[in-house]
Amino acid sequence: MADLQTPLVRPKRKKVLVDYLVQFRWILVIFVVLPASALIYFNIYLGDMWSAMKSEKKRQKEHEDNVQKVVKRLKQRNPKKDGLVCTARKPWIAVGMRNVDYKRVRHFEVDLSAFRNILEIDAERMVAKVEPLVNMGQISRATCPMNLSLAVVAELDDLTVGGLINGYGIEGSSHIYGLFSDTVVALEIVLADGRVVRATKDNEYSDLFSGVPWSQGTLGFLVSAEIKLIPIKEYMRLTYTPVKGPLKEVAQAYADAVAPRDGDPAKVPDFVEGMVYSATEGVMMTGVYASKEEAKKKGNKINSVGWWFKPWFYQHAQTALKRGEFVEYIPTREYYHRHTRCLYWEGKLILPFGDQFWFRFLFGWLMPPKVSLLKATQGDAIRNYYHDNHVIQDMLVPLYKVGDALEFVHHEMEVYPLWLCPHRLFKLPVKTMIYPEPGFEHQQRQGDTSYAQMFTDVGVYYTPACIFRGEEFDGAESVKRLEQWLIENHSYQPQYAVTELNEKDFWRMFDASHYEHCRHKYGAVGTFMSVYYKSKKGRKSEKEVQEAEAAILEPAYADEA
Numbered sequence: 001m002a003d004l005q006t007p008l009v010r011p012k013r014k015k016v017l018v019d020y021l022v023q024f025r026w027i028l029v030i031f032v033v034l035p036a037s038a039l040i041y042f043n044i045y046l047g048d049m050w051s052a053m054k055s056e057k058k059r060q061k062e063h064e065d066n067v068q069k070v071v072k073r074l075k076q077r078n079p080k081k082d083g084l085v086c087t088a089r090k091p092w093i094a095v096g097m098r099n100v101d102y103k104r105v106r107h108f109e110v111d112l113s114a115f116r117n118i119l120e121i122d123a124e125r126m127v128a129k130v131e132p133l134v135n136m137g138q139i140s141r142a143t144c145p146m147n148l149s150l151a152v153v154a155e156l157d158d159l160t161v162g163g164l165i166n167g168y169g170i171e172g173s174s175h176i177y178g179l180f181s182d183t184v185v186a187l188e189i190v191l192a193d194g195r196v197v198r199a200t201k202d203n204e205y206s207d208l209f210s211g212v213p214w215s216q217g218t219l220g221f222l223v224s225a226e227i228k229l230i231p232i233k234e235y236m237r238l239t240y241t242p243v244k245g246p247l248k249e250v251a252q253a254y255a256d257a258v259a260p261r262d263g264d265p266a267k268v269p270d271f272v273e274g275m276v277y278s279a280t281e282g283v284m285m286t287g288v289y290a291s292k293e294e295a296k297k298k299g300n301k302i303n304s305v306g307w308w309f310k311p312w313f314y315q316h317a318q319t320a321l322k323r324g325e326f327v328e329y330i331p332t333r334e335y336y337h338r339h340t341r342c343l344y345w346e347g348k349l350i351l352p353f354g355d356q357f358w359f360r361f362l363f364g365w366l367m368p369p370k371v372s373l374l375k376a377t378q379g380d381a382i383r384n385y386y387h388d389n390h391v392i393q394d395m396l397v398p399l400y401k402v403g404d405a406l407e408f409v410h411h412e413m414e415v416y417p418l419w420l421c422p423h424r425l426f427k428l429p430v431k432t433m434i435y436p437e438p439g440f441e442h443q444q445r446q447g448d449t450s451y452a453q454m455f456t457d458v459g460v461y462y463t464p465a466c467i468f469r470g471e472e473f474d475g476a477e478s479v480k481r482l483e484q485w486l487i488e489n490h491s492y493q494p495q496y497a498v499t500e501l502n503e504k505d506f507w508r509m510f511d512a513s514h515y516e517h518c519r520h521k522y523g524a525v526g527t528f529m530s531v532y533y534k535s536k537k538g539r540k541s542e543k544e545v546q547e548a549e550a551a552i553l554e555p556a557y558a559d560e561a
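Position one of the sequence shown corresponds to residue 1 (full-length UniProt numbering), numbered consecutively onward.
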């Protein structure tokens, strides 16, 4: 790897009109997006409260009625003239960054907007039954007062259960429980022919159960999920540990936080998260659940990070680089959603002065802007600008390769901060779209067990440093090189992001065998778009989609993975 302290020499770029549109976009955000977001959030909150006031029996009855509406709608479809099936959700509403141009061709819409209720919280079975549009803020608001929580609570309030199951979801507890989809107990799915099935890991639909994660809703419509609950305490005891040194040393300090070298399970924290602020500095955070009594003991510091005027979390954590290691107690629900207010650190780009005390104190209660409204108000020119001059990618890499990944990102993109979040990738009876490295269980690497390999999400979200220096950056080519690095290193790219992969490389990264088995067995072919064509960049023509549905996947694609 080249000298990390010496940035690549890139040609200077000339500013164009869209640069100024992006630079002064904060005006639109402050006067339009933030007020509109606040109204939408308040309306959603009222809807959640109204739903919670209904009896469990009434919510279940409404759910069953809505499921039958979906079944009826599917049976109205004429495959010869109505096109492929997709949800009626507008393209800009999704939190993901990829284009959803598949909705620009002729298609058959099914409305799932009513599926946003918590159906049941069963404290005896330790299971929450929820509909797919229930988001993380809604479910944590209901469970935390009961000292219960989902095993994996993705950080941003707006992330929905359906997106986290059909796609990908992670949190600082994933080094114990795996990805969000690994915590699911059962799935209720409407298949292409209108059948409603309940899939679990050990019933007759077990193949469908294991095939749904990462399928992006291309096997059927998810209409409810039963998800594992865990007992929690009122506070998170969070330790901030600064790390200084080369990226490989930062990566090793992170690995030691995830999996202590002596292998003592008692030393494994409940939560682990790392933030890398430069090529030589990072902060590792380890959290352990703590009771209210412990948090309020004399001498302990409580930090309610959820207050609107508080410093943004990533900047607060960064103070450890000057202060040294410190410990504080954060209310558990506020810890879960610590990155919501500033959208990790993307808020700094959207509102350059949003982290200033005067703004936080006067307007912080309006944060965050709703991602869907940011997308709805950006237009094609700004959207393309972000694709070319900005990076929003996640790299799911084996733990022992995190150092290599950090060096690659620094050399290729020079984006900081970087987010590090560990997760187990379980060895399953079937080979799903993502799977551990063959033979990992024999290597006895740090963090691995006989049944799961430890991976890490390296989150790359920000504008590359070369853009700030006024230099050129080719976002598409950079992402292509990132994707090839992932393929060569048995790593994965979550599909919410913009991808440059062609079909052959897509199936080199992911395994197609079990997914295609489910597509054919459950009648998805010819009804739902394939996951590659749903994920790929660019507009889709109806002819292209029809050809893709008629094509037989080449076995070599899967064999090369």
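Glycine residues also receive a C-beta, built at the ideal position from the N, C-alpha and C atoms. These numbers were taken from a predicted model, which means no experiment stands behind them.
What residues match up with residue i in a beta bridge as DSSP calls it?
| i | result |
| --- | --- |
| tyrosine 168 | DSSP output for tyrosine 168 lists no bridge partner at all. |
| tyrosine 522 | Note: tyrosine 522 sits in no beta bridge, so no partner. |
| phenylalanine 221 | Val190 |
| lysine 228 | Val127 |
| valine 134 | Valine 134 pairs with nothing; no bridge assigned. |
| aspartate 122 | Val127 |
| phenylalanine 108 | Val85 |
| tryptophan 419 | Met275, Gly459 |
| serine 149 | Ile230 |
| phenylalanine 426 | Ala452 |
| glutamine 393 | Val460 |
Assuming residue i and residue j form a contact by the criterion Cβ under 8 angstroms, report the distance between their Cβ atoms to the nearest whole angstrom.
| i | j | result |
| --- | --- | --- |
| leucine 321 | glutamate 281 | 6 angstroms |
| threonine 463 | histidine 390 | 5 angstroms |
| aspartate 111 | alanine 88 | 4 angstroms |
| isoleucine 350 | tryptophan 26 | 7 angstroms |
| valine 458 | valine 402 | 7 angstroms |
| tyrosine 400 | glutamine 446 | 7 angstroms |
| isoleucine 170 | alanine 154 | 7 angstroms |
| leucine 486 | glutamine 495 | With a Cβ gap of about 12 angstroms, leucine 486 and glutamine 495 do not count as contacting. |
| valine 258 | histidine 175 | 5 angstroms |
Who are the near neighbours of residue i in its chain, counting only those whose CB is closer than 7 angstroms to its CB and skipping five residues on each side?
| i | result |
| --- | --- |
| serine 278 | Tyr416 |
| aspartate 157 | Asn135, Met136, Gly137, His337, Thr340 |
| glutamine 315 | Asp355 |
| arginine 13 | Gly470, Glu471, Glu472 |
| glycine 194 | Val71, Leu74, Lys75 |
| methionine 413 | Val391, Val460, Pro464, Ser478 |
| residue 572 | With the chain running from 1 to 561 in the structure shown, residue 572 is simply not present. |
Only counting the same chain, and skipping five residues up and downstream in sequence, which positions put a Cβ closer than 6 angstroms to that of residue i?
| i | result |
| --- | --- |
| leucine 17 | none |
| proline 311 | none |
| asparagine 303 | Glu328, Ile330 |
| phenylalanine 357 | none |
| methionine 342 | Looking at the sequence itself, residue 342 is cysteine, so the reference to methionine does not match. Cβ within range, chain order: Trp312. |
| lysine 201 | Phe209 |
| phenylalanine 359 | Phe353 |
| aspartate 48 | Gln138 |
| tryptophan 308 | Gly364, Trp365 |
Apart from the five residues on each side of it in sequence, which residues of its chain come closer than 8 angstroms, Cβ to Cβ, to residue i?
| i | result |
| --- | --- |
| serine 55 | none |
| valine 223 | His63, Asn66, Val67, Val70, Leu112, Phe115, Glu131, Pro132, Glu188, Ile189, Val190, Val196 |
| leucine 553 | Unreliable positioning characterises leucine 553 in this predicted model, as indicated by a pLDDT of 42, which lies under 50. The coordinate reading is nonetheless provided below. Excluding sequence neighbours, leucine 553 sits near Trp507, Ala512, Glu516. |
| histidine 514 | Asp207, Ser210, Gly211, Val430, Lys431, Thr432, Met433 |
| isoleucine 382 | Val18, Leu21, Val22, Arg25 |
**Prompt:** For the 8 angstroms Cβ check, are there 3 or more pairs between the segment 444 to 459 and the segment 365 to 382?
**Reply:** Result no; under three Cβ-Cβ pairs closer than 8 angstroms.
**Item:** Meets three-Cβ-pair contact criterion under 8 angstroms: the segment 342 to 352 and the segment 286 to 297
**Value:** Flag = no, the segment 342 to 352 and the segment 286 to 297 do not touch.
**Prompt:** Pairing CB atoms from the segment 434 to 448 with CB atoms from the segment 408 to 425, are three or more of them under 8 angstroms?
**Reply:** The segment 434 to 448, when compared against the segment 408 to 425, does touch it at the 8 angstroms Cβ threshold.
**Item:** Cβ pair count under 8 angstroms reaching 3, the segment 390 to 405 against the segment 47 to 60
**Value:** With the cut-off at 8 angstroms, the segment 390 to 405 and the segment 47 to 60 do not touch.
**Request:** Jot down the residue ranges of each uninterrupted alpha helix (DSSP H) in the segment 259 to 328, minimum 4 residues, whole runs only, in chain order.
**Result:** Runs of the alpha helix (DSSP H) inside the segment 259 to 328: 292 to 295, 313 to 318, 320 to 323.
**Request:** Return the chain-ordered ranges of every alpha helix (DSSP H) run that is complete within the segment 3 to 82 and spans a minimum of 4 residues.
**Result:** 17 to 23, 25 to 28, 34 to 53, 56 to 75, all fully within the segment 3 to 82.
**Asked** Okay, do the segment 139 to 157 and the segment 222 to 237 touch, 3+ Cβ pairs below 8 angstroms being the bar?
**Response** Yes, the segment 139 to 157 touches the segment 222 to 237.
**Request:** Taking only runs that begin and end inside the segment 468 to 508, name each unbroken beta strand (DSSP E) of 3 or more residues, in chain order.
**Result:** Fully enclosed beta strand (DSSP E) runs of 3 or longer: not present.
**Request:** Count the CB pairs spanning the segment 203 to 220 and the segment 155 to 171 that are closer than 8 angstroms, and state whether there are at least three.
**Result:** Between the segment 203 to 220 and the segment 155 to 171, the count of Cβ pairs shorter than 8 angstroms is three or higher; the stretches touch.
**Message:** Quick check: the segment 475 to 488 against the segment 408 to 415, are at least 3 beta-carbon pairs closer than 8 angstroms?
**Reply:** With three or more CB-CB distances shorter than 8 angstroms, the segment 408 to 415 counts as touching the segment 475 to 488.
**Message:** So, does the segment 505 to 521 touch the segment 204 to 215, judging by three or more C-beta pairs under 8 angstroms?
**Reply:** Cβ pair count under 8 angstroms is three or more, so yes.
**Message:** With three or more beta-carbon pairs closer than 8 angstroms as the criterion, would you say the segment 168 to 186 touches the segment 500 to 519?
**Reply:** By the Cβ criterion, the segment 168 to 186 is not in contact with the segment 500 to 519, since fewer than three pairs of Cβ atoms, one from each stretch, lie closer than 8 angstroms.
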